[in-house]
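Visitor:
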């Protein structure tokens, strides 16, 4: 069987992209979460760990050998050059991990890749289409307040730092709206049927 189509799913914090991916998963579609895999690789890939330690020092990992996210963030977000170097370690590892994962997906028409940051399909990636999940800002803030131990000002600061909805729409082939008056399941099912109908050859 030919390689599966690769569909990207992205959206801002609190937009509901993970819920959308769970719905695709319920339809039997394999889902790769780039952010959670990046965390796994920083903790479990020995080459990645060695490279990060060489770049940032032994404090990048705590006494139990776990990646110290707070320390790393405090260092790299003050130094753009260090952040670039860290990304140059993690991103290729995630790319290789993604390729290996896609190669293991047999007898499926398409797969989903979930990530917070995404280029347009075909732009430095192997994606065939990109889905952007959108929600009103106030609703996103309310969801994160329920989910995380963050203040509203912290949440709004994170949203401000992220890519804007307008910029995300520039990379979108499809947009899923996830507001209180919008129903997610019909939107996901419609796209599911569309992807299944695409001839991969």
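In our numbering, the protein residues as written are 30 to 230. C-beta: ideal position from N, C-alpha, C; glycine also.
For residue 68, collect the residues of the same chain with a Cβ closer than 6 Å to its Cβ; drop the 5 residues on either side in sequence, then sort them by chain order.
Guide: Excluding sequence neighbours, residue 68 sits near nothing in its chain.
Visitor: Tell me where the alpha helix (DSSP H) around residue 109 begins and ends.
Guide: Counting along the chain, the alpha helix (DSSP H) containing residue 109 begins and ends at 109 to 133.
Visitor: Is DSSP giving residue 106 helix, strand or coil here?
Guide: Residue state, collapsed to three classes: coil.
Visitor: Where does residue 95 fall in DSSP's three states?
Guide: Three-state DSSP puts residue 95 in coil, outside helix and strand.
Visitor: Under the three-state reduction of DSSP, which class applies to residue 223: helix, strand or coil?
Guide: Here residue 223 sits in helix by DSSP.
Visitor: Taking the continuous beta strand (DSSP E) assigned at residue 206, which residues delimit it?
Guide: From DSSP, the beta strand (DSSP E) with residue 206 extends over 203 to 206.
Visitor: What distance in whole Å lies between the Cβ atoms of residue 163 and residue 206, which are believed to be in contact at a cut-off of 8 Å?
Guide: With a Cβ gap of about 6 Å, residue 206 and residue 163 count as contacting.
Visitor: Can you tell me whether residue 55 is buried or exposed, with buried defined as 16 or more other CB within 10 angstroms of its CB?
Guide: Looking at its Cβ environment, which holds fewer than 16 other Cβ atoms inside 10 Å, residue 55 is exposed.
Visitor: When the Cα atoms are used, what is the spatial distance from residue 93 to residue 74?
Guide: Roughly 15 Å between the two C-alpha positions.
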